[in-house]
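Q:
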Amino acid sequence: MITRRDFLVSGLTATAAGVIVPPVLAKSVFAATADGIHNDRVLVVVQLAGGNDGLNTVVPYADPAYMDARPTLRVQPGTVLALDSHTGLNPALTGLKRLYDAGEVAVVQGVGYDNPSYSHFESMYVWEHADPARRQTDGWLGTLLAKQLDTQGHPLTACALGDVSTPPEMLASKAEVSVIQSVAAYQVQGGASRESAAPALYRSTPGAYGALFDSALSTAETGIAALHAPGVAYSPAVPYTPSSAASPLATSLQLTAEMIVTQPSVKVCHVLLSGFDTHQDEVRRQTALLQQVDAALSAFMQDMAAHGQADRVVLMTWSEFGRRIHENGSQGTDHGAAAPLFILGKPVKGGLYGETPSLTDTIDSGNLKHSVDFRSVYQAVVGDWLQGDAASVLGGAFPALPLFR
877 MITRRDFLVS
887 GLTATAAGVI
897 VPPVLAKSVF
907 AATADGIHND
917 RVLVVVQLAG
927 GNDGLNTVVP
937 YADPAYMDAR
947 PTLRVQPGTV
957 LALDSHTGLN
967 PALTGLKRLY
977 DAGEVAVVQG
987 VGYDNPSYSH
997 FESMYVWEHA
1007 DPARRQTDGW
1017 LGTLLAKQLD
1027 TQGHPLTACA
1037 LGDVSTPPEM
1047 LASKAEVSVI
1057 QSVAAYQVQG
1067 GASRESAAPA
1077 LYRSTPGAYG
1087 ALFDSALSTA
1097 ETGIAALHAP
1107 GVAYSPAVPY
1117 TPSSAASPLA
1127 TSLQLTAEMI
1137 VTQPSVKVCH
1147 VLLSGFDTHQ
1157 DEVRRQTALL
1167 QQVDAALSAF
1177 MQDMAAHGQA
1187 DRVVLMTWSE
1197 FGRRIHENGS
1207 QGTDHGAAAP
1217 LFILGKPVKG
1227 GLYGETPSLT
1237 DTIDSGNLKH
1247 SVDFRSVYQA
1257 VVGDWLQGDA
1267 ASVLGGAFPA
1277 LPLFR
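Heads up, the sequence shown is in this note's numbering, so the first residue is 877 and it goes up one at a time.
(1) When you compare only the Cα positions, how much space is there between TYR1062 and SER1141?
(2) Going by other Cβ atoms of all chains shown within 10 Å of its Cβ, with 16 needed for buried, is ASN915 buried or exposed?
(3) How many Å lie between TYR1229 and VAL983 at the Cα?
(4) Helix, strand or coil for TYR1229, going by three-state DSSP, please let me know.
(5) When you compare only the Cα positions, how much space is there between SER1297 and ILE1201?
(6) From the DSSP output, in three-state form, read off PHE1280 for me.
(7) Taking the straight line between their C-alpha atoms, what separation do you get for PRO1275 and ALA1109?
(8) What residue range is occupied by the uninterrupted alpha helix (DSSP H) comprising MET1000?
(9) Contact between the region 987-1005 and the region 957-967 is defined here as three or more beta-carbon pairs at a separation below 8 Å; is this criterion met?
(10) Rounded to the nearest angstrom, what separates LEU1220 and LEU1131 at their Cα positions?
(11) Determine the extent of the alpha helix (DSSP H) in which PRO940 is found, giving its start and end residues.
(12) Strictly by DSSP, which residues pair up with GLN923?
(13) If contacts are defined as beta-carbon pairs under 8 Å, then ALA862 and VAL935 qualify, I think. What distance do you get, rounded to the angstrom?
(14) Tell me whether ARG950 sits in a helix, a strand or coil according to DSSP, three-state version.
(15) May I have the straight-line CA-CA distance separating LEU1125 from LEU1148, to the nearest angstrom?
(16) Counting Cβ pairs closer than 8 Å, one from the region 932-952 and one from the region 1202-1209, do we hit at least three?
(17) Per DSSP, what are the beta-bridge partners of HIS1211 in this structure?
(18) Can at least three beta-carbon pairs, one atom from the region 1040-1059 and one from the region 1008-1020, be found at a separation below 8 Å?
(19) Can you give me the C-alpha to C-alpha distance between GLU998 and PRO1043, rounded to a whole angstrom?
(20) If I'm right that THR1236 touches ALA941 with Cβ under 8 Å, what's the distance once you round it to whole angstroms?
(21) Sorted by chain position, which residues of the same chain lie with C-beta nearer than 7 Å to THR1163's C-beta, five sequence neighbours on each side aside?
(22) Around the Cβ of THR1154, are there at least 16 other Cβ atoms within 10 angstroms (buried) or fewer (exposed)?
(23) Excluding five sequence neighbours on each side, which residues of the same chain lie with their C-beta closer than 6 Å to the C-beta of GLN1168?
(24) Does the beta-carbon distance from LEU975 to VAL1190 come in below 8 Å?
(25) Give the secondary structure of SER1054 by DSSP, where H, G and I count as helix, E and B as strand, and everything else as coil.
(26) With DSSP collapsed to three states, give me the class of VAL981.
(27) Check PRO1216 in the structure and name its three-state DSSP category.
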């Protein structure tokens, strides 16, 4: 027998194959202000977790200091995909280079913040909350969702795809995020019997908690119905990878494409690829990861174009920090500071942004100085792309980056 306590303990979570909404005590609202954002633009955030080595991603191949600092890890100048006479992409990024040549990739160099932390957890917190002081409790995307996005109460406005929990940058007291591992598994945990029992168990709860439970259940029902509606169909226009099982990022981005194509309410998506903490054996490990990134992002952008979505979708990458300039004794690199990131999409004004970091004028005995505050990127994404009030999300204004057409 299913009891009310069963639901209260677990909330409207899902099976190991996929989850739906946050715990039932979270407010089931996407509270839009009167001046909420009214457009169909979509932002996809790709987190490269672990601290991607920026110097071997966007390579200063003409700098002798780079060659000296990395006797075994350096990317050879003859293999670099040149962006100009000084800087180029890792040879694994052939698809991104094609998009760059088409003017659809912005490469933002030297992104970071003052007094950087070299702790994964602290630096992720800074990026997730747009707060180098580490005082904010709401994520920057959660703040945007709660304060500005006009969602009309739709539970699929913000989606984390392939993740096992809500990304911290999407958390806020009045923002709700659907976490989806697969469309087929997006349902109430326990299947049809538990779903059918939910209305009586939730709606018989009196008082304020009953109202919250009722709202959470309505949100879940709406999301499930939308995702499983008859006639909602999607087929990828391009192969994302020869073997999707070998590329979690490809699987997540294909699911993201499905959501964007079939669910007009989707505005913000988050996907994750981990493994970038390359303290040893970096060439092999990072090359494999960058190949995943290149194949998945390239396929996603082609898929968006083929489905007529290219004008409304922008994708950005981030990683909590870069790596140190000099390689270590294990043919890897240790935690560093500033690093590049990518902004992709047809609406993007492609090119190189920020200064190429100096490898000799450094901080903390061998770490790169940043030239672009990461919140300048967020400001462009929130203000120029999503057309929101970036200052209210970020707590202030930052030097502008003209990333969009």
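Every residue, glycine too, gets a C-beta built ideally from N, C-alpha and C.
A: Let's see:
(1) 17 Å
(2) exposed
(3) 6 Å
(4) strand
(5) Lying before the first or after the last residue shown, residue 1297 is absent from the chain, which here runs from 877 to 1281.
(6) strand
(7) 42 Å
(8) 996-1005
(9) no
(10) 18 Å
(11) 940-945
(12) LEU1148, TRP1194
(13) This structure gives no information on residue 862, because the portion of the chain shown stretches from 877 to 1281.
(14) coil
(15) 7 Å
(16) yes
(17) ARG1199
(18) yes
(19) 15 Å
(20) 6 Å
(21) ALA968
(22) buried
(23) SER1123, LEU1125
(24) no
(25) strand
(26) strand
(27) strand
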